[in-house]
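Since the structure comes first, as structure tokens, the remarks are kept for the end.
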Amino acid sequence: MLQAIDHGAGFIKDALKFSYLMLRKDGLIVAERGPDVYRVVSEVMVMKGDRRAWLCNETGRPLVGRLDRVRSEATAAFDRWHRGAIVRVEHIERRAGIGRIGRSTHVELIRPIEG
């Protein structure tokens, strides 16, 4: 079945790494889409002095992190991220293969997953 989905979606890999499928009959949307709106598709990885998570939207799947020393009021919502949540990140800086959230970057938790 995964191969059929991959083929239909145009993926060249043999397995889906991350996927969400949300269907609604009422036509409502979970959150407004945009290049700065993402779904968190991993658990937040807490390391010494750093937190990271994989995000996903129509532009790709970046690994994004925030150093503890740049935590600010603008980035505080990162501490409440969890797998499945929908978040908005104003700007992601690319550094050494990882996206970085700076001290003044506005981060928002749009929709948490209840549970």
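When you line the sequence shown up against this note's numbering, it's residues 1 to 115, in that order.
Where a beta carbon is used, it is the ideal one built from N, C-alpha and C, also for glycine.
Quantities reported herein were computed from a predicted structural model and do not represent experimental measurements.
Listed as beta-bridge partners of Trp54 by DSSP are Leu63. Taking a C-beta distance under 8 Å as the contact criterion, Pro35 and His82 do not qualify as a contact pair. With a 10 Å radius around the Cβ and a threshold of 16 neighbouring Cβ atoms, Val46 comes out exposed.
Distance from Val70 to Ala53 at the Cβ level is roughly 16 Å; contact not present, criterion being Cβ atoms closer than 8 Å. By the neighbour-count criterion, in which 16 or more other beta carbons inside 10 Å mark a residue as buried, Ala4 falls on the exposed side.
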